[in-house]
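Inspection log for the structure reproduced underneath, given as structure tokens.
In the numbering used here, the protein residues as written are 355 to 528.
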């Protein structure tokens with residue numbers, strides 16, 4: 355019964371991230387260089403023990419939904435699946451001395467600010483690099499694309515950090 359509750363909570367989180375992104379965040383653009391891919395928060399903040407197959411499936415569903423919304427022909431799906439694939443590797447790379455509890459979600463309060471910023475920078479940066487390089491399709495305007503990657507990574511990362519600080523409880527509840 356507990357598993358059904360966890361699944362329902364995750365489905366509500368998915369709906370919330372997608373709705374907020376589509377209704378509000380999609381309108382925000384910084385100087386035609388920075389876009390906030392807010393929906394990535396759903397994938398990044400999944401419970402640590404989520405099986406890789408489930409993460410890949412969710413990455414595809416979330417990315418495909420964004421592709422339908424933006425009419426981007428698979429760019430979001432490809433980049434989101436890459437993020438979901440690399441997430442366990444990055445979690446292993448950043449494993450704290452005491453290890454993780456499989457039921458934990460990625461949380462700035464539990465993991466610490468430095469760990470969280472490195473985690474966000476790696477995964478959001480890789481996602482954005484994949485997305486914008488696939489969008490570009492060549493290296494003609496590589497400087498502009500690199501600027502988009504950096505500005506969008508900072509914009510998305512800062513937005514997701516603010517969401518964590520404002521909406522995630524600072525204490526662990528059991």
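We put the beta carbon where it would ideally sit given N, CA and C, even for glycine.
- Measure the beta-carbon distance from residue 394 to residue 437 and round it to whole angstroms, keeping in mind my assumption that it falls under 8 angstroms. Indexing the chain shown from 1 puts residue 394 at position 40. Indexing the chain shown from 1 puts residue 437 at position 83. Residue 394 to residue 437, Cβ: 7 angstroms. Contact.
- Query: Is it a yes or a no for the stretch 397-412 touching the stretch 444-459, going by three-plus beta-carbon pairs under 8 angstroms?
  - Reply: yes
- Could you give the distance in angstroms between the alpha-carbon of residue 488 and the alpha-carbon of residue 444? As a first step, residue 488 is located in the chain shown; it is residue number 134 there, counting from the start. As a first step, residue 444 is located in the chain shown; it is residue number 90 there, counting from the start. Looking at the two C-alpha atoms, the distance is approximately 22 angstroms.
- Item | Closest by C-alpha distance to residue 386, when choosing among 499, 516, 519 | Within the chain shown, residue 386 is the residue found at index 32, counting from 1. Comparing Cα-Cα distances from residue 386 to each of 499, 516, 519, the minimum goes to 499.
- In chain order, what residues of the same chain lie with their CB nearer than 7 angstroms to the CB of residue 483, ignoring the 5 residues before and after it? To locate residue 483, count along the chain shown from 1; it is residue 129. If we look at residue 483 and ignore the five residues flanking it on each side, its Cβ neighbours are 503.
- Does the beta carbon of residue 394 sit closer than 8 angstroms to a beta carbon anywhere in chain C? Note that chain C does not occur in the displayed structure, where there is just one protein chain.
- Message: Quick check: what's the CA-CA separation for residue 505 versus residue 425?
- Response: Along the chain shown, read from residue 1 onward, the residue named residue 505 stands at position 151. Along the chain shown, read from residue 1 onward, the residue named residue 425 stands at position 71. If I take the Cα positions, the gap works out to 22 angstroms.
- Item | Start-to-end residues for the alpha helix (DSSP H) that takes in residue 516 | Working through the chain shown from its first residue, we reach residue 516 at position 162. 496-521 is the span of the alpha helix (DSSP H), which, as asked, contains residue 516.
- According to the neighbour-count rule (16 or more other Cβ atoms, all chains shown, within 10 Å of its Cβ), is residue 495 buried or exposed? The residue given as residue 495 occupies position 141 in the chain shown. With fewer than 16 Cβ atoms within 10 Å of its Cβ, residue 495 is classed as exposed.
- Task: Go through its chain and collect everything with a Cβ distance to residue 450's Cβ below 8 angstroms, but skip five positions before and after it.
- Result: As a first step, residue 450 must be located in the chain shown, where it is residue number 96. Around residue 450: 465, 469.
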